[in-house]
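I have placed the structure first, in the form of structure tokens, so that the comments after it can refer back to it.
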Amino acid sequence: MIVAGAAMRPLDGVRVLDVTRLLPGSYATLLLADLGADVVKVEDPRGGDGMRTLPLADGRNVYFELLNRNKRSVTLDLRSPDAAAVLDALCAHADVIVDSFRPSTARRLRVHPAVLRARHPHLVCASISGFGQSGPYAERAAHDINYQALAGLLFARGSTRSTSSGQAHSAGSGQAHSAGSGQAGSTRAKKDALAPSASKGEPRMPGPLVGDIGAATQTAIGVLAALLLRARTGGGSVVDVSIHEAAMAWSMFPSTSDLENACYAMYETADGNWLALGALEPKFWIGFCERIGRPDLAPLQHAPDEERARVLRDVREVMRGRTRDQWLAHFADADVCLTPINTLAEALADPHVAARGVVSRDRGTIHITPPHAEVRPAPALGADTDEVLDAAGIGVSERSRLRASGSRTRLPAHVPRPRGARLRESRQARSASARARPQRFARRRARARRTPHRPIVGATPTPVAGHRRR
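Position one of the sequence shown corresponds to residue 1298 (the numbering used here), numbered consecutively onward.
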């Protein structure tokens, strides 16, 4: 994603308060931050976002750093009575607030849309919750595996092809593929998948966290739409996102088993590498068959099951005849959807990725960003508290009172330094001392030359225990 020719980023000047925890909210506000929004992450002073406590890699929390680049951090104990006034001041200077609590928790912490919008009608309030703001499941606890389980995504979906007629369903054809993606697939394509089954088979663990990621994306889109609506009407609105419903949205799309065919498959090459073929449209399949010397297979793209298996075997045998690089060179000037199956390291080293500028590295963390985007490291816990609260009109004396208000810390007593800061400061101090040492010795020698030596008669130096002469 890139906004070409823009003098400023789309969300420059938009202030977003992020009171979320974990992946969905952090990713939603990351998308907004990458578009230029000033995202202020409001964290509990007793540890911050739970992502900060995940296992470390090489002494660093990569997950937190990936999801919280380009943000600022403020610490505030939302459970304390004093937090209400601070949050009110922050909301008065914000355009958007995003929370990820269950409805009852959001009300208790005074971040529920109904509470905030009563005082700040300009505010766009986005709530990411497991099951939305209403319904019998609204207060249930769950995580992505639970949402996918309820959405029917953990049972392997078999092919929905119709074998009785000997014809493949429309989602397998290139012409109907886009229509099947834009809607819930055709009724005919989903008939077998929706039919009651005596045996469900064995569920499988999910791969990507599609519920969390889908909900985060829906939240970012909803916020953008709400900001556009506010520009037209002058008033804020509520964005209600259910992670469960975001997971269910994935069931609309064809499964890869729906597309299983020789024209949409993975092929091993002579050197043990793999190629991916996505020749769904007839023109791509015909071009592929001609390039591998098997034009006789072109009419069999959507053959009946028995014939389709034979075509798949024949293509596999042909593809094992050359190495991956030989095949890529052979298809270099062909308009065919054939690509190498990369490892992650190969994907990051791809020259196209480098040309687009979508990979950024920060202290060893690899970020996938909008092309040529600026990347600022994830903030230390509470690093921007004083700056943000001062801009919101909360002065030094009030901040001092909040810090001293009881056993439960409301604000950090000091701004934590980033990890490794103490070591860097120590090295810098030693380096500065080493650079200054010759100057100190030169000054001592100059003073010695200017001051005549006057020994004290009868005085004998008394050695001090542990003293080293230099």
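Quick reminder that beta carbons are idealized off the backbone N, C-alpha and C, glycines included.
Distance between Asn1558 and Arg1607, taken at the CA atoms: about 11 Å. A straight-line Cα-Cα distance of about 24 Å links His1627 and Leu1645. Put simply, the stretch 1560-1576 does not touch the stretch 1529-1545. Fewer than three CB pairs are less than 8 Å apart. Non-local C-beta neighbours of Gly1429 in its own chain, meaning closer than 8 Å and more than five positions away in sequence, comprise Ala1435, Asp1537, Val1538, Ser1539, His1541 and Glu1542, ordered along the chain. Across the set Asn1367, Arg1437 and Pro1378, the C-alpha of Arg1437 shows the shortest separation from the C-alpha of Phe1398. When Val1685, Ala1389, Asn1358 and Glu1684 are compared, the shortest CA-CA separation from Gly1533 is found for Ala1389. Distance between Gly1345 and Val1655, taken at the CA atoms: about 29 Å.
Non-local C-beta neighbours of Leu1506 in its own chain, meaning closer than 7 Å and more than five positions away in sequence, comprise Leu1320 and Asp1441, ordered along the chain. The beta-carbon separation of Val1395 and Thr1317, rounded to 6 Å, stays under the 8 Å limit for a contact. Straight-line spacing of the CA atoms in Ile1583 and Arg1619 works out to 20 Å.
Within the same chain, Cβ atoms closer than 7 Å to the Cβ of Cys1560 are found at Leu1574, Ala1576, Leu1577, Trp1582 and Gln1598, the five residues on either side in sequence being excluded. In the assembly as shown, Glu1603 is an exposed residue. Its beta-carbon has fewer than 16 other beta-carbons within 10 Å. Your pair Leu1678 and Glu1362 does not check out as a contact, with CB atoms roughly 13 Å apart and the cut at 8 Å. The beta carbon of Pro1400 sits closer than 6 Å to those of Gln1430 and Ala1435, all from its chain and outside the five residues before and after it, given in chain order.
Exclusion of the five residues before and after Asp1509 leaves Leu1320, Pro1321 and Asp1441 as the residues of its chain whose Cβ lies within less than 6 Å of its Cβ. Cβ-Cβ distances below 6 Å link Leu1406 to Leu1375 in the same chain, with the five nearest sequence neighbours on each side left out; the list follows chain order. The straight-line gap separating the alpha-carbon atoms of Leu1364 and Leu1327 is approximately 6 Å.
Within the same chain, Val1313, Val1421 and Val1520 come within 6 Å of Val1393 by CB-CB distance, once the 5 residues on both sides are set aside. Secondary structure at Asn1443: helix, using DSSP grouped into helix, strand and coil. In this chain, the beta strand (DSSP E) harbouring Gly1575 covers Trp1571 to Gly1575. Going by beta carbons, Ser1370 and Met1348 fall outside the 8 Å limit. In the three-state reduction of the DSSP assignment, Arg1501 falls in the coil class.
When DSSP assignments are scanned along the stretch 1614-1692, the uninterrupted stretches of beta strand (DSSP E) that are 3 or more residues long and fall wholly within it turn out to be 1635-1637, 1656-1659 and 1662-1665. Judged by DSSP secondary structure, Tyr1360 falls outside any beta strand (DSSP E) and instead within the alpha helix (DSSP H) spanning Val1359 to Leu1364. Nearest to Pro1503 by alpha-carbon distance, out of Tyr1444, Leu1413 and Ala1528, is Tyr1444.
When rounded, the separation of the alpha-carbon atoms in Phe1585 and Thr1516 is 41 Å. Considered as a whole, the stretch 1402-1430 harbours 1421-1426 as its complete beta strand (DSSP E) runs of no fewer than 3 residues, in chain order. Spanning the alpha carbons of Leu1387 and Tyr1360 requires a straight line of approximately 27 Å. Distances from the CA of Gly1310 to each of Ile1589, Asp1611 and Leu1524 were compared; the closest alpha carbon is that of Leu1524. If you ignore the 5 residues before and after Ile1638, its C-beta comes within less than 6 Å of the C-beta of Trp1571 and Ala1573, all in its own chain and listed in chain order. Around the Cβ of Val1693, a 10 Å sphere holds fewer than 16 other Cβ atoms; the residue is exposed. Comparing C-alpha distances from Ala1381 to each of Val1408, Thr1402 and Lys1368 shows the shortest one belongs to Val1408. In the three-state reduction of the DSSP assignment, Ala1546 falls in the helix class.
Looking at the DSSP output, Leu1314 shares a beta bridge with Val1337 and Ile1394.
Contact check for Ile1425 against Ala1522 fails: the beta carbons are separated by 8 Å or more. Inclusion of Val1535 and Pro1410 in the CB contact set at 8 Å is warranted, their separation being smaller than that value.
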